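Number of protein chains: 2
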Amino acid sequence: MINKSSPIPIYHQLEERIKTEIEEGSLKSGDLLPSEREYAETFKISRMTVRQAISNLVSNGYVYRKKGTGTFVSQKKFEQILPGLTSFTEDMKRRGMVPSNELVEFSILPAPEEVAHALDIKNSESVYKIERIRLADNFPMALETTFVSKHRIEGITEEIAHTSLYEYFESTLNLNIDHATQLIESSIINSEEKKLLHMKTGDPVLLIQRTTYLDDGTPLEFVKSVYRADRYRFMIDMKR
Amino acid sequence: MINKSSPIPIYHQLEERIKTEIEEGSLKSGDLLPSEREYAETFKISRMTVRQAISNLVSNGYVYRKKGTGTFVSQKKFEQILPGLTSFTEDMKRRGMVPSNELVEFSILPAPEEVAHALDIKNSESVYKIERIRLADNFPMALETTFVSKHRIEGITEEIAHTSLYEYFESTLNLNIDHATQLIESSIINSEEKKLLHMKTGDPVLLIQRTTYLDDGTPLEFVKSVYRADRYRFMIDMKR
DNA sequence: GAGTGGTCTAGACCACCCC
DNA sequence: GGGTGGTCTAGACCACTCC
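Chain order of the listed sequences is A and B.
One point on numbering: in my numbering, the residue at position 234 of the first sequence is 234, and numbering is uninterrupted.
For any residue, its number in my numbering is found by taking its place in the second sequence, counting from 1, and adding 1000.
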């Protein structure tokens, strides 16, 4: 159950164990968990280690603590758990669709004002511009334009633009994407985008501007997206 | 600097101290913080207590840790920090506007299907229905319909509906609002809402459906909102 | 009063990074 | 090799809740 000589931290083993019990139903919504001291004695580990495991479960919304009373399983429905920041590719896969891209433009140019500001670089600096139609099950869902500082990130190719940029950033470059700010607004499709997305005048679209940051706070990419409102709804979970 | 006999936890005092140093500029973006052992010795406290303070700062995005190297101040621009889940009232105040409400409907009725599902109650159960035009600087921004289980929450009055429901939940009832899921989509104004928001046919709107939860996972309220797209853009910050 | 989570201590060993 | 954060221990006292 808990392997003390494993390279996997004990708190993480306990965390996964409890998580499994919740997901498999042996711990149900509203149930009282064993106390921290009980866990500590059962597994012959320190109470502080137990606390670290439970604190992580609290952060992830699996359980909540009540002072002087105990720790309980949350009511949350885990089948509809919402992930945090996701890429288009991940998003569509999660919705059970097959994502693909059509490259509209791949170029390197001096950063436009708005882009330079978002990426916190000078106007003269070179950026990649990657414009793609993003499809799900071969149906156009969005038009997405990504800007990345060429000085910060090297080696983006058309090849990579055809798959997932996030995967390239994280798996190949080993960058730690930490968070993103997004500006979401409702609008009407404009004439340029109309054809690319197979829409007609007056159709509503969801405009999303995203700036993605690494854990040290450096902006990684600036993305402007136009989503077909009839095909795409944005879902988020926010902490108070 | 650090008062050990204060009722305020030591980790929280240290946390606030470091936060102040960052905000006032004595610790700048990219700066290396004193090591955990250094803090511990300086303030004659345990390293675990220091770690608790720094862990909270990491969660809030103020600093980040690099294994084997140290802890650094993030690049984040704190003047534009984005808060988490906010109410309309808080949101507008933060944007420098004066929020107000116009009550359109205040009633108690059996929960419609969609509402019952969101609040996890039976169809027959009574719910408050509070429909309000939400104004900023006396200009209509949104039409908002809130549903709250009458069985769970008692004592909502028209009086309260004229101010802030969140304030009532948190300050008066001492409820802990934990998080909310939101479904955001782009649409075109419909004929019923057109007049109330002073809009015309074909104008784009932002539709937001929100379910707010307490820390034990109980749904507190279900809200459907229609925002004027020309006046309102939604801004969020998401963790990866 | 007994049990719970919240805070705190004074150590320890590890893997990792940089010199 | 020396310093850093990551993990872990075996205690302790507190405030709080419930009986």
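All C-beta atoms, glycine included, are put in the ideal place defined by N, C-alpha and C.
In this text the structure is predicted, and so the values were computed from the model without any measurement.
message: The alpha helix (DSSP H) that contains residue 116/A, what's its start and end?
response: Its alpha helix (DSSP H) spans residues 113–119.
- prompt: How should residue 1103/B be labelled, buried or exposed, when 16 other C-beta atoms within 10 angstroms of its C-beta is the threshold for buried?
  reply: With fewer than 16 other Cβ atoms inside 10 Å of its own Cβ, residue 1103/B counts as exposed.
message: Alpha carbons only, please: which of 218/A, 64/A, 229/A, 210/A is nearest the one belonging to residue 87/A?
response: 210/A
message: If I follow the unbroken alpha helix (DSSP H) through residue 1090/B, where does it start and stop?
response: 1088–1094
message: Pop quiz: residue 1143/B and residue 1074/B are said to be a contact at Cβ under 8 Å. What is the actual Cβ separation, rounded to whole angstroms?
response: Incorrect: roughly 38 Å between the Cβ atoms, too far for contact.
- prompt: Is there contact between the segment 1131–1151 of chain B and the segment 1109–1123 of chain B, where contact requires at least three CB pairs shorter than 8 Å?
  reply: yes
- prompt: With a CB to CB cut of under 8 Å and the five nearest residues on each side skipped, what residues in its chain are close to residue 1175/B?
  reply: When the five nearest sequence neighbours on each side are left out, the beta carbons in the same chain lying within less than 8 Å of the beta carbon of residue 1175/B are those of 1169, 1214, 1220, in order along the chain.
query: Does DSSP put residue 1057/B in a helix, a strand or coil?
result: Correct three-state label for residue 1057/B: helix.
- prompt: Across which residues does DSSP place residue 182/A in a beta bridge pair?
  reply: BP columns for residue 182/A point to 210/A, 1236/B.
- prompt: How should residue 1001/B be labelled, buried or exposed, when 16 other C-beta atoms within 10 angstroms of its C-beta is the threshold for buried?
  reply: exposed
query: Since residue 205/A contacts residue 189/A with CB under 8 Å, what's their CB separation in whole angstroms?
result: The pair is a contact, with the Cβ atoms about 5 Å apart (cut-off 8 Å).
task: State the Cα-Cα distance for the pair residue 1130/B and residue 1212/B, rounded to the nearest angstrom.
output: 15 Å
task: Report the partner residues of residue 109/A according to the DSSP bridge assignment.
output: 127/A
Residue(s) in a DSSP beta bridge with residue 65/A: 71/A
- prompt: Can you tell me whether DSSP reads residue 1221/B as helix, strand or coil?
  reply: strand
field: residue 1135/B - partner residues in DSSP beta bridges
entry: 1100/B, 1140/B
message: With a threshold of 6 Å on Cβ separation, who are the neighbours of residue 1045/B within its own chain once the five nearest residues in sequence on each side are excluded?
response: Around residue 1045/B, the same chain offers 1010 as residues with beta carbons nearer than 6 Å, after the five sequence neighbours per side are excluded.
message: Spatial neighbours of residue 1029/B within its chain, please: C-beta separation below 6 Å, excluding the five flanking residues on both sides.
response: 1073, 1075
field: chain B contacts from the segment 153–182 of chain A (Cβ-Cβ distance under 7 Å)
entry: 177, 178, 179, 180, 181, 182
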